[in-house]
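Peer 1:
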Amino acid sequence: MRAFNTKFLLSYFLFSIGIDLLKNLLHLNPDKRFTAAQALAHPYFQNYHDEMDEPTAEPFDDPLENRTDISVEEWKGTRSSLFCARSRWVS
1 MRAFNTKFLL SYFLFSIGID LLKNLLHLNP DKRFTAAQAL AHPYFQNYHD EMDEPTAEPF
61 DDPLENRTDI SVEEWKGTRS SLFCARSRWV S
């Protein structure tokens with residue numbers, strides 16, 4: 001994989017602090033990737049981040065993630081039901 005060209009971004013778009021945020025958001029490994037809360041706490045957002053005005057939610061645990069015993073159509077139907085039910089909980 002090619003290295004990320006930070007010189008281009010620095011010269012045209014972002015300060016180094018913005019590039020640091022992007023690097024942390026774009027990690028391929030999800031264990032190393034920033035969460036939404038970590039991203040909002042990053043210095044790049046210091047002028048906009050207000051922890052008291054930002055609700056948080058628990059991570060979504062996908063019960064179908066490792067299921068191999070159901071068809072694609074069953075998976076789609078169950079997935080749709082899960083998200084519809086979850087959206088009712090949130091609203």
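Residue numbering for the sequence shown follows the UniProt record's numbering, starting at 1 and increasing by one per position. Glycine included, every Cβ here is placed at the ideal spot set by N, Cα and C.
Give me the residue from D31, S71, F45 with the minimum Cα distance to F15.
Peer 2: Locating residue 15 in the sequence shown gives position 15, counting from the first residue. Taking only the C-alpha atoms, the option nearest F15 is F45.
Peer 1: Is the separation between the beta-carbon of L40 and that of H49 shorter than 8 Å?
Peer 2: Walking along the sequence shown from the start, residue 40 turns up at place 40. Walking along the sequence shown from the start, residue 49 turns up at place 49. Closer than 8 Å, so yes.
Peer 1: Is it right to say D21 is buried, meaning 16 or more other beta carbons lie within 10 angstroms of its own, or is it exposed?
Peer 2: On the sequence shown, residue 21 is found 21 positions in, with the first residue counted as 1. One point to set straight first is that residue 21 is Leu, not Asp, in the sequence displayed. Classification of L21: buried, given that the 10 Å Cβ count is 16 or more.
Peer 1: So, with DSSP's three-state summary, where would you put L40?
Peer 2: Your numbering for residue 40 matches position 40 in the sequence shown. Residue state, collapsed to three classes: helix.
Peer 1: In this structure, how does DSSP classify residue 99 when only helix, strand and coil are distinguished?
Peer 2: Residue numbering for the chain in the displayed model covers 1 to 91; residue 99 lies beyond these limits and cannot be assessed.
Peer 1: When DSSP labels each residue in this structure, what does T78 get in the three-state scheme?
Peer 2: Numbered from its first residue, the sequence shown carries residue 78 at position 78. Three-state DSSP puts T78 in a helix.
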